[in-house]
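Number of protein chains: 2
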Amino acid sequence: MTQISELSTPCALIDMQRMQRNIARMQERMNSLGVSFRPHVKTSKCVPVAQAQKASGARGITVSTLKEAEQFFEAGFTDILYAVGIVSSKLPQALALRQRGCNLKIITDNITVAREIGHFAAAHKTTFEVWIEIDTDGHRSGIKPEEPALLDVAQALREGGLEVGGVLTHAGSSYDYDNHEALLAISEQERAGTVRAAERLRAAGFSCPVVSIGSTPTALSAAHLEGVTEVRAGVYVFFDLVMHNVGVCSSDDIALSVLTTIIGHQAEKGWAIVDAGWMAMSRDRGTQKQKNDFGFGLVCTEDGRTLGNYILSGANQEHGILSRTGEPDLEIAKHFPIGTRLRILPNHACATGAQHPEYHAVHPDGDTAIWPRFYGW
Amino acid sequence: MTQISELSTPCALIDMQRMQRNIARMQERMNSLGVSFRPHVKTSKCVPVAQAQKASGARGITVSTLKEAEQFFEAGFTDILYAVGIVSSKLPQALALRQRGCNLKIITDNITVAREIGHFAAAHKTTFEVWIEIDTDGHRSGIKPEEPALLDVAQALREGGLEVGGVLTHAGSSYDYDNHEALLAISEQERAGTVRAAERLRAAGFSCPVVSIGSTPTALSAAHLEGVTEVRAGVYVFFDLVMHNVGVCSSDDIALSVLTTIIGHQAEKGWAIVDAGWMAMSRDRGTQKQKNDFGFGLVCTEDGRTLGNYILSGANQEHGILSRTGEPDLEIAKHFPIGTRLRILPNHACATGAQHPEYHAVHPDGDTAIWPRFYGW
Numbered sequence: 002m003t004q005i006s007e008l009s010t011p012c013a014l015i016d017m018q019r020m021q022r023n024i025a026r027m028q029e030r031m032n033s034l035g036v037s038f039r040p041h042v043k044t045s046k047c048v049p050v051a052q053a054q055k056a057s058g059a060r061g062i063t064v065s066t067l068k069e070a071e072q073f074f075e076a077g078f079t080d081i082l083y084a085v086g087i088v089s090s091k092l093p094q095a096l097a098l099r100q101r102g103c104n105l106k107i108i109t110d111n112i113t114v115a116r117e118i119g120h121f122a123a124a125h126k127t128t129f130e131v132w133i134e135i136d137t138d139g140h141r142s143g144i145k146p147e148e149p150a151l152l153d154v155a156q157a158l159r160e161g162g163l164e165v166g167g168v169l170t171h172a173g174s175s176y177d178y179d180n181h182e183a184l185l186a187i188s189e190q191e192r193a194g195t196v197r198a199a200e201r202l203r204a205a206g207f208s209c210p211v212v213s214i215g216s217t218p219t220a221l222s223a224a225h226l227e228g229v230t231e232v233r234a235g236v237y238v239f240f241d242l243v244m245h246n247v248g249v250c251s252s253d254d255i256a257l258s259v260l261t262t263i264i265g266h267q268a269e270k271g272w273a274i275v276d277a278g279w280m281a282m283s284r285d286r287g288t289q290k291q292k293n294d295f296g297f298g299l300v301c302t303e304d305g306r307t308l309g310n311y312i313l314s315g316a317n318q319e320h321g322i323l324s325r326t327g328e329p330d331l332e333i334a335k336h337f338p339i340g341t342r343l344r345i346l347p348n349h350a351c352a353t354g355a356q357h358p359e360y361h362a363v364h365p366d367g368d369t370a371i372w373p374r375f376y377g378w
Numbered sequence: 002m003t004q005i006s007e008l009s010t011p012c013a014l015i016d017m018q019r020m021q022r023n024i025a026r027m028q029e030r031m032n033s034l035g036v037s038f039r040p041h042v043k044t045s046k047c048v049p050v051a052q053a054q055k056a057s058g059a060r061g062i063t064v065s066t067l068k069e070a071e072q073f074f075e076a077g078f079t080d081i082l083y084a085v086g087i088v089s090s091k092l093p094q095a096l097a098l099r100q101r102g103c104n105l106k107i108i109t110d111n112i113t114v115a116r117e118i119g120h121f122a123a124a125h126k127t128t129f130e131v132w133i134e135i136d137t138d139g140h141r142s143g144i145k146p147e148e149p150a151l152l153d154v155a156q157a158l159r160e161g162g163l164e165v166g167g168v169l170t171h172a173g174s175s176y177d178y179d180n181h182e183a184l185l186a187i188s189e190q191e192r193a194g195t196v197r198a199a200e201r202l203r204a205a206g207f208s209c210p211v212v213s214i215g216s217t218p219t220a221l222s223a224a225h226l227e228g229v230t231e232v233r234a235g236v237y238v239f240f241d242l243v244m245h246n247v248g249v250c251s252s253d254d255i256a257l258s259v260l261t262t263i264i265g266h267q268a269e270k271g272w273a274i275v276d277a278g279w280m281a282m283s284r285d286r287g288t289q290k291q292k293n294d295f296g297f298g299l300v301c302t303e304d305g306r307t308l309g310n311y312i313l314s315g316a317n318q319e320h321g322i323l324s325r326t327g328e329p330d331l332e333i334a335k336h337f338p339i340g341t342r343l344r345i346l347p348n349h350a351c352a353t354g355a356q357h358p359e360y361h362a363v364h365p366d367g368d369t370a371i372w373p374r375f376y377g378w
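First to last, the protein sequences are chains A and B. With our numbering applied, the first sequence covers 2 to 378. With our numbering applied, the second sequence covers 2 to 378.
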């Protein structure tokens, strides 16, 4: 086995203990709320991570691309929700998955696509399970719970010989809050709006068996989930500094980090230069408008202890600038000599993971294993 | 051959005509300034792109990772500058490349690493060509031209049995300007500082044959390059919206774009939803603080004509929000119906390219060819 100290930098580490703790925390919460849990695997794009989620009790997975659906189906996952509105040009790829035995569900929020799915299904003498996307917070796609279009889309599906498999929403605006009261309110808004959409469909004669909601902040904040059948969340598996600022994890819960090495200093400015730039961290500056701006990441020791007030304050493609917040550390070259290895916690685990062809899963004894991940479409 | 209309979205396109024009423009400028040109291949990480640069007259390449050095060496490139400060832990990988016949040059800006290279070379009965990194604008790494440390590092290299192969700088702060006078000034500062460093080394008895400078804005702005032997630049090969705002290209020069499809609307907000989110565009918001903020990208037709005032104003992982700048387009669903295909010009070509496993090189007749690219370290 390879020890952390033998890894080339930069590279992405997963702290196994933290990841398992994050998985157990979410699954136990879902169990106690009485709902199924369908993790979003776009965060990791990594089969062993999804297998750990499944082993803990997850039922099915959520994906953001058809490539994810294909990769996870090949790895043995069959119950897959493609949670981005489909278009006609992607139906042949979706059909191919279903014909191979994948229980793929697709979504839409508009009548044009609903009709196109029906025409395509009829032309190919097949059917699709279609969920309708609901907009409960105005942040992106979906039909508002009270909009007439909701029933029009359901009717268009029925006329195409398709049934409404469910409704789903994602309260992505929950990322904008940082206190429990606000998170409680957005969670309830997400739940109530989606349940209301399902009730309208059922009152109009559509079965709508599934009511699917979720985001990491709302999943961890909701007081109850009456009427909801399943929850989806992704980033909770690793957590990150954005979630830390939202208030749903501590920095000690963050399971993903980037291992880096000090390659130089600009001592009079209080800078150390590291070999993790934005290519390793991603260009995500998600903490920029939050209460704590961590630059491109928060600096920890090689074994994962937070150092408090050192951040990656700047990043070029393969260079990071490490500095102290507030007063510059004019003795930075003494504190972080050339060759020092550090871990940097990321702003956004989904974006940082995407920069790396593989994770190094770190066991408590310091041994590491390579967990491949994929990218592209 | 595959036509653009047959490609799945999202995907990355290279407009071949524009790329060839950008390559010719830079090479002709370097020829007329009387310097060698060593393109930075971190922008494309794509062998056919670098081959086109070489065919136009480039001598050698610049890389930002040792993986790039390995990949391009395997593709037949031998004169390679690794332009990120090396550390001891990477010397075995650098040595392996040199032992295979790669003329790899490495760089440092500090005495600790200079000594370590000497010790490593002696222990392995070999030598390295080492260039000293100069800081001409305070934006990142390097020794200032007048600093005593410059001669100390050269002396440490000599004591380790190594000679100073050259000096290099990168005036990355040139990205912060947007008018020719300012670019002319930073170009001259970059040139003069690096030449001065070389003169100090030569006066102290070090040969320092190479004086290497460069960034896309300074390379395209310098009035003369007296004393310089070679120039490096990367992003010019594709250009991007940041370079458009800096003023060194027009939007019609931008060779890289992301092909996307309209998947929905929020018509009352003037939004169209596309299947290119930040995973396809990158999280780069480089135009945010420039004179024109293009959000996550500028919208063009499928065949590449700029539409003027439509941008990607928001992005989630696989969703982009397309809207008009200024007054919302309440008829956006008519202007961009479901299924419409568009190209989005990126803020930062290096960051956007990095999100894609391959480019689709688009020939003037609309035929496309797959050009693979790589990532990771």
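Note that beta-carbon positions come from the ideal geometry of N, C-alpha and C, so glycine has one too. Here the structure is a predicted model, which is why all the values come from computation and not from measurement.
Give a yes or no on whether the C-beta atoms belonging to LEU34 (chain A) and GLY61 (chain A) are separated by under 9 Å. no
Beta-carbon proximity of VAL71 (chain B) to LEU98 (chain B), cut-off 9 Å: What sits at residue 71 (chain B) in the sequence shown is Glu, not Val. Yes.
Note down, in chain order, all residues in the region 281-299 of chain B with a beta-carbon under 9 Å from any beta-carbon belonging to chain A. ALA281, SER283, ARG284, ASP285, ARG286 and GLY287
Return helix, strand or coil for ASN348 (chain B), following the three-state DSSP convention. coil
At least three beta-carbon pairs within less than 8 Å, the region 259-273 of chain A to the region 338-351 of chain A: yes
Say whether chain A places a C-beta atom closer than 9 Å to the C-beta of GLY139 (chain B). yes
Answer yes or no: do VAL154 (chain B) and ILE112 (chain B) have a C-beta to C-beta separation smaller than 9 Å? yes
Anticipated Cβ contact below 8 Å, ALA256 (chain B) with ASP16 (chain B), distance rounded: 5 Å
On the DSSP bridge assignment, give the partners of THR261 (chain B) in chain order. B:LEU343
With a cut-off of 8 Å, do at least 3 Cβ pairs link the region 161-168 of chain B to the region 177-184 of chain B? no
Just to confirm the assignment, what range does the alpha helix (DSSP H) spanning ALA281 (chain A) have? 279-282
Let me know the alpha helix (DSSP H) ranges lying completely inside the region 27-109 of chain A, each 4 residues or longer, listed in chain order. 48-56, 67-75 and 92-100
Which word fits GLU319 (chain A), buried or exposed, when buried means at least 16 other C-beta atoms lie within 10 angstroms of its C-beta? buried
Is DSSP giving ASP136 (chain B) helix, strand or coil here? coil
For LYS43 (chain B) and chain A, any beta-carbon pair shorter than 9 Å? yes
Just checking my contact of LEU323 (chain B) with TRP279 (chain B) at CB under 8 Å: how many whole Å lie between their CB atoms? Going by Cβ atoms, the distance from LEU323 (chain B) to TRP279 (chain B) rounds to 14 Å, so no, they are not a contact pair.
Use the C-beta contact count for SER216 (chain B): other C-beta atoms within 10 angstroms, 16 or more gives buried, fewer gives exposed. buried
Quick one: what does DSSP say PRO210 (chain B) is sitting in, helix, strand or coil? coil
Interface residues of chain A facing TYR376 (chain B) [CB-CB closer than 7 Å]: PRO358
Boundaries (first-last residue) of the alpha helix (DSSP H) holding ILE112 (chain B): 112-124
Assign TYR237 (chain B) to one of three DSSP states: helix, strand, or coil. helix
For SER213 (chain B) and ARG233 (chain B), which I take to be in contact (beta-carbon distance under 8 Å), what is that distance rounded to the nearest angstrom? 6 Å
Is ASP285 (chain A) buried or exposed, if buried means 16 or more other CB atoms sit within 10 Å of its CB? buried
Give the secondary structure of GLY162 (chain B) by DSSP, where H, G and I count as helix, E and B as strand, and everything else as coil. coil
Per DSSP, LEU8 (chain A) is paired with what? LEU8 (chain A) pairs with nothing; no bridge assigned.
Taking C-beta pairs closer than 7 Å, name the residues in chain A that HIS320 (chain B) reaches, listed in chain order. VAL85, ARG141 and SER142
In the DSSP assignment, what residue or residues form a beta bridge with VAL300 (chain A)? A:ILE345
Could you pull out every residue in the same chain whose Cβ sits closer than 8 Å to the Cβ of ILE333 (chain B), ignoring the five residues on either side in sequence? HIS266, ALA268, GLY271, TRP272, ALA273, LEU323, SER324 and ARG325
For the region 324-352 of chain A, list every residue whose C-beta sits within 7 Å of some C-beta in chain B, in sequence order. ILE339, GLY340, CYS351 and ALA352
Out of A:ALA51, A:ASP110 and A:ASP80, which one is the CA nearest neighbour of VAL236 (chain A)? A:ALA51
Among B:ASP276, B:HIS171 and B:ALA150, which residue has its Cα nearest to the Cα of ILE339 (chain B)? B:ASP276
Residue interval of the beta strand (DSSP E) (run including LEU185 (chain B)): LEU185 (chain B) -> not in any beta strand (DSSP E); alpha helix (DSSP H) instead, spanning 181-204.
Count Cβ pairs between the region 236-255 of chain A and the region 22-37 of chain A that sit closer than 8 Å; are there 3 or more? yes
For TRP372 (chain A), decide whether its Cβ has a neighbour in chain B, counting only Cβ atoms nearer than 9 Å. no
Using a threshold of 9 Å, state whether the C-beta atoms of GLN386 (chain A) and ASP304 (chain A) are closer than that. Because residue 386 (chain A) is not part of the residues shown, which for chain A are 2 to 378, the question remains open.
Rounded to whole angstroms, what's the CA-CA distance from CYS47 (chain B) to PRO373 (chain B)? Just pull it up for me. 6 Å
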